[in-house]
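Written out below as structure tokens is the structure these notes cover.
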Amino acid sequence: MYLYKYKNNEAVLDSIAAQPLKLTPAADFKDEPNLSFYMKNRFYYCDNYWSINFFQQEGVFFSQKFCNFFTNQFEEIFVRETGIKPSSKVGITVPNRDDSPKLYEHGFISKLNPVLWIMPDYYDDINFCWKSKTGKIIKPTDEDFDEEDLECWIEGLKPNEYWKQVATEKKDRPFKIGKIPFQLKVFGFGTDTILRIYLKDKIEFDLIKAKIIENIKEYNEISEKKFRNKGVVHNVKFESEDRVLTVVIDTGSSGIEIIKTTLKALTKFTSIKKVEVDI
């Protein structure tokens, strides 16, 4: 379970442990936020229960050695071929359509067939392939194999299509959440989701920060109780200048849902004139 603590104006992922979620409000918001990252984004986490469990539900089990091999090779090839790195908005999931192939295909050329996901709702079937130069058939459960003996590649990549999904363009459709009392603009793609909140005055700055923290805490707790059915947020950071509050959210596996709930939570504040969202 994710344990949050508040440090230097940000709620951060401290560790993964079997203990209740704790999100402690900051004593004050005067310190400059520490914008360092606390968790390297990967397409697949070999030591993360939820990553492992998703694949195991599809009948795919990894040895530690093969898992590390797959994770490293997949990322290296994908980034080289597409120029896009894994983030909280670009990842892989298990096959999720009726016409998707099985997650694992065994053979002389073996395949893992994950689905590429790009926030908010783009999915594409791709194939991570490998074969042995000496003719051996290496399974994901094998621990004793020579990595130098394996050739691997990814089939089905569509770099131009992916860049259209992550391009800087308006994507306000996912945020159709009913009437809101402020102007909403949605822009392009970045590593984190950023909300720029424009206020009439600075009186409600601290109240808005506290509300966002409370909203994330409640979201994570509800999702945890339901086996993370809506994912969890990794961290949130704040910057303020004049009458603009900038909120940087590593949405983790929560995706677009946490932004929608945050926007709804902001409707109570009459001092908000406009919110801009970079997704």
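Its first residue numbered -4, the sequence shown is counted upward by one per residue in this note's numbering. Note that the Cβ used here is the ideal one computed from N, Cα and C, for glycine as well. For clarity, every value in this text was computed on a predicted model and none was experimentally measured.
6 Å CB neighbourhood of residue i in its chain, flanking five on each side removed
i	result
residue 100	106
residue 136	56 and 58
Buried/exposed call for residue i, threshold 16 Cβ in 10 Å
i	result
residue 257	buried
residue 160	buried
residue 232	buried
residue 78	exposed
residue 74	exposed
residue 321	Lying before the first or after the last residue shown, residue 321 is absent from the chain, which here runs from -4 to 274.
residue 187	buried
residue 197	exposed
7 Å CB neighbourhood of residue i in its chain, flanking five on each side removed
i	result
residue 128	144 and 146
residue 63	41
residue 142	64
residue 140	133
Beta-carbon proximity list for residue i, same chain, < 8 Å, skipping 5 on both sides
i	result
residue 156	119
residue 228	211, 214, 215, 244, 245, 246, 247, 249 and 253
residue 37	66, 70 and 81
residue 218	224, 225, 226, 227 and 249
Residue i vs residue j beta-carbon contact at 7 Å
i	j	result
residue 195	residue 268	yes
residue 254	residue 115	no
residue 264	residue 207	no
residue 209	residue 266	no
residue 242	residue 193	no
residue 110	residue 49	no
residue 122	residue 151	yes
* **Continuous beta strand (DSSP E) assignments of at least 3 residues falling wholly in the stretch 61 to 132** => If one requires a minimum length of 3 residues, the beta strand (DSSP E) runs lying completely within the stretch 61 to 132 are 85 to 88, 105 to 107, 110 to 113, 117 to 120 and 122 to 127, in chain order.
* To do: Would you check if the stretch 51 to 59 and the stretch 75 to 86 touch, i.e. whether three or more CB-CB distances between them fall below 8 Å?
  => no
* Asked: What residue ranges within the stretch 170 to 234 form continuous alpha helix (DSSP H) runs of no fewer than 4 residues, ordered along the chain?
  -> 200 to 220
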